[in-house]
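Residue numbers (my numbering), protein chains in the order written: chain A, 139 to 468; chain B, 2 to 257. Contents: one structure, followed by commentary.
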Amino acid sequence: MKILVITEQRDGKWNKVSLETLAAAQQIAQQTSGTISAVVIGENVAALAQELARSQLDEVLAIDHPLLENYTPDGFTIALRQAIEAAKPDLVLMPHTYEVRDFAPKLAASLGKGMIGDCIGYRHENGKLIFVRQMFQGRTVADVVFEGAAPWLATIQAGAFRADLAAVRTDGSKAPVNALGVELKAEQIRTKPGELFREAKQAVDLTQAPILVSVGRGIKAPENIALAEKLAALLGAEISASRPICDEGWLPMDRQIGSSGQTVAPKLYLALGISGAIQHVVGMKGSRTIVAVNKDANAPIFEVADYGVVGDLFEIVPALIEELEKTKSS
Amino acid sequence: MKIGVCVKQVPAKDAPLVIAADAVWIRESDIGFETNEPDSFALEEGLRLKEKHGGEVVAIAMGPERMKQTIKEALAKGADRGIHVVDDQFYRLDPLSAARSLAAAVETENFDLILTGLQSDDQGFGQTGVLLAELLGRPHATIIMHIDVQGASMRLKRELEAGWFQWVDLPLPAVLSIQSGINKPRYATLKGIMAAKKKEIASTPRASLGVPETVTERIERIYVPHKSKKTEFLTGSSKEIAAKLIEKLKHDARVL
Chain A
139 MKILVITEQR DGKWNKVSLE TLAAAQQIAQ QTSGTISAVV IGENVAALAQ
189 ELARSQLDEV LAIDHPLLEN YTPDGFTIAL RQAIEAAKPD LVLMPHTYEV
239 RDFAPKLAAS LGKGMIGDCI GYRHENGKLI FVRQMFQGRT VADVVFEGAA
289 PWLATIQAGA FRADLAAVRT DGSKAPVNAL GVELKAEQIR TKPGELFREA
339 KQAVDLTQAP ILVSVGRGIK APENIALAEK LAALLGAEIS ASRPICDEGW
389 LPMDRQIGSS GQTVAPKLYL ALGISGAIQH VVGMKGSRTI VAVNKDANAP
439 IFEVADYGVV GDLFEIVPAL IEELEKTKSS
Chain B
2 MKIGVCVKQV PAKDAPLVIA ADAVWIRESD IGFETNEPDS FALEEGLRLK
52 EKHGGEVVAI AMGPERMKQT IKEALAKGAD RGIHVVDDQF YRLDPLSAAR
102 SLAAAVETEN FDLILTGLQS DDQGFGQTGV LLAELLGRPH ATIIMHIDVQ
152 GASMRLKREL EAGWFQWVDL PLPAVLSIQS GINKPRYATL KGIMAAKKKE
202 IASTPRASLG VPETVTERIE RIYVPHKSKK TEFLTGSSKE IAAKLIEKLK
252 HDARVL
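This is the structure in structure tokens:
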């Protein structure tokens, strides 16, 4: 099996999930006696390509073009289609990032192929690759297989594989780095990408908080957040939230945990009234200990919780506060 | 502006899910359905663009008869008409076949803009908007938080990870997938609900669209995930639960 990994970088820095995808590719290659080529795409990517060549893979393909300096769906689709046609892989693996979500289905469709997206794992059974992805917001999973001839395109969910397990060469050798020329004209690119910017003052870095008390829709109203804040104060924790709470403006955007907000791994994460939608869980599943309080026994948050309480947070949180105040004063 | 908005009806958030006998979908009998929440933001954005620039908003859905309810809700909110591609087995379609069907259904409409939600809360492929753009030969952008139409082009605010955003300019006609929180979706008024009764929903059986039956990916089975993590559920009175939890966090997990 020939695997092509498409990595992601911006301004000469890796998006770390690229290495998670490489780790996944290495596992699959091992089980299928496969080979791995990895693509670095952008402008002035030589340094990154050389760095990647130290990993356990067979080849690095460097796609370097001034029109690829900034990401555009047209630019990347046209260039990567040429890469796929040149490299002729069986499997194309990409990290399921916002950028990949923007072009991967287009790239697949331009080849008349399908894309299996946001995979949390795979199995290799009877010579067949089965990809596993979540459905119904994590309440079920699905075994999905490709139909028809290669290439097959799949994307891997952030955190499904570990970047630190991406094997590197220990003998000081490097894989060959080959430049892949692509034909790309300015008029083929219909998007004019502008500046990147941040809005929130980013006053708080939630990734540094050892404990997080996080609220979701179950908090029901902005005035109830004070209850969670009281608990947070007693625990020496920061307050955080799922996206809908920030969309409503009940907490500022820099308190958001999830794919659009911050990804955290505190020693303790308390999820209060959070259902556990995929977009949220992907931002906190690495937490050392997860406590979930939710009225709905079927809420997907319980899939990742170490301790679960099926109950009303408006009864549980005051009880926790009372208990903590007792132990403080004793 | 002629705006098409893709809407979908999905199982209600708190509906108990039971895997169907064929193991590739859930049992639809005895559960409630609702409009896919991400699509509400797309519809609201379409309605606001119509209010600002004039034109019409067309709600497009694909699935069984029950999906008409979601189209009617869109009409009640202000969409002008609906297109329903009828298919009881829509859930068997891979994302590319689904998008090909929708593209065929709207081929002659020549929308200036097609809006979709970010993903459906049932299948969650998140590909429809991007695929539609490719199939219709249109430029696209995803995860959009702001749209500013400036004549024949748009300035868009695209959301990236970790609190970053980017401005992009895109010519019309185009396809956009809309991020949640871009706006506050309106409620249908009684007046809107009454007016919706007179609005047209064009129904077309999917089979009549002549979309090739090529399958690119297939769900072998869906199942309740095998939990690798063991969740310890705490029960009792609130007081008991609180005491137990703090005890465990202190002495077992040692995080307090």
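Here a beta-carbon is modelled for each residue, glycine too, at the ideal position from N, C-alpha and C. All values reported here derive from a predicted model rather than from experimental measurement.
With a threshold of 6 Å, establish whether the CB of residue i neighbours any heavy atom of the ligand GTP.
i, result
"Gly64 of chain B", "In the structure shown, the ligand GTP is absent, as is every other ligand, since no ligand is present at all."
Tell me whether residue i is buried or exposed, calling it buried when 16 or more other Cβ atoms sit within 10 Å of its Cβ.
i, result
"Ser30 of chain B", "exposed"
"Glu441 of chain A", "buried"
"Gln272 of chain A", "buried"
"Gly237 of chain B", "exposed"
"Ala259 of chain B", "The structure shown has nothing for residue 259 of chain B, since chain B only spans 2 to 257."
"Val178 of chain A", "buried"
"Asp258 of chain B", "Any answer about residue 258 of chain B is impossible in this case: the structure gives chain B only from 2 up to 257."
"Gly127 of chain B", "buried"
"Ser311 of chain A", "exposed"
"Leu303 of chain A", "exposed"
"Gln394 of chain A", "buried"
"Ser425 of chain A", "buried"
"Leu191 of chain B", "exposed"
"Glu201 of chain B", "exposed"
"Tyr188 of chain B", "exposed"
"Tyr407 of chain A", "buried"
Quick one: what's got a C-beta closer than 6 Å to residue i's C-beta in the same chain, skipping five residues either side?
i, result
"Pro204 of chain A", "Glu181"
"Ala296 of chain A", "Val155, Val420"
"Met253 of chain A", "Ala242, Pro243, Ala246, Leu291"
Check residue i in the structure and name its three-state DSSP category.
i, result
"Gly118 of chain B", "strand"
"Tyr92 of chain B", "helix"
"Ile166 of chain A", "helix"
"Pro404 of chain A", "coil"
"Leu410 of chain A", "strand"
"Thr109 of chain B", "helix"
"Gln128 of chain B", "coil"
"Asn316 of chain A", "strand"
"Lys228 of chain B", "coil"
"Val212 of chain B", "coil"
"Thr145 of chain A", "coil"
"Ser193 of chain A", "strand"
"Met422 of chain A", "coil"
"Arg277 of chain A", "coil"
"Pro186 of chain B", "coil"
"Val306 of chain A", "strand"
Taking residue i as part of the beta strand (DSSP E), name the residues at either end of that continuous run.
i, result
"Met1 of chain B", "With chain B covering 2 to 257 only, the question about residue 1 of chain B has no answer from this structure."
"Arg156 of chain B", "154-160"
"Pro206 of chain B", "202-206"
"Ile349 of chain A", "349-353"
"Ser175 of chain A", "173-180"
"Glu218 of chain B", "218-224"
"Ala292 of chain A", "290-294"
"Val169 of chain B", "165-172"
"Ala60 of chain B", "57-64"
"Gln272 of chain A", "266-273"
"Val256 of chain A", "What sits at residue 256 of chain A in the sequence shown is Asp, not Val. Residues 253-263."
"Leu231 of chain A", "229-233"
Where do the N-terminal and C-terminal ends of the alpha helix (DSSP H) with residue i fall, by residue?
i, result
"Tyr236 of chain A", "236-248"
"Gln220 of chain A", "211-225"
"Ser41 of chain B", "38-54"
"Asp385 of chain A", "381-385"
"Thr71 of chain B", "69-78"
"Lys249 of chain B", "239-252"
"Glu367 of chain A", "363-373"
"Lys3 of chain B", "No alpha helix (DSSP H) holds Lys3 of chain B; the beta strand (DSSP E) holding it covers 3-7."
"Glu189 of chain A", "184-190"
"Ile201 of chain A", "Premise fails: Ile201 of chain A lies in the beta strand (DSSP E), 197-202, not in any alpha helix (DSSP H)."
"Ala196 of chain B", "191-197"
Who are the near neighbours of residue i in its chain, counting only those whose CB is closer than 8 Å to its CB and skipping five residues on each side?
i, result
"Ile268 of chain A", "Tyr260, Arg261, His262, Asp281, Val282, Val283"
"Gly182 of chain B", "Phe42, Met146"
"Asp95 of chain B", "Val216, Thr217, Glu218, Arg219"
"Ser154 of chain B", "Asp170, Leu171, Pro172, Leu173"
"Trp168 of chain B", "Arg156, Leu157, Lys158, Arg159"
Grab me the residues of residue i's own chain with a C-beta within less than 7 Å of its C-beta, minus the 5 sequence neighbours each way, in chain order.
i, result
"Ile454 of chain A", "Val431, Val447"
"Glu160 of chain B", "Ile144, Met146, Phe166, Gln180"
"Thr36 of chain B", "Val8, Gln10, Thr71, Glu74"
"Ser208 of chain A", "Note that residue 208 of chain A is Asn in the sequence shown here, rather than Ser. Contacts found: Pro331."
"Leu97 of chain B", "Leu132, Thr217"
Which complete beta strand (DSSP E) runs does the region 427-454 of chain A hold, if anything under 3 residues is left out? 427-432, 445-448
In chain order, what residues of the region 125-146 of chain B put their CB closer than 8 Å to some CB of chain E? The structure shown contains no chain E; the protein chains it does contain are A and B.
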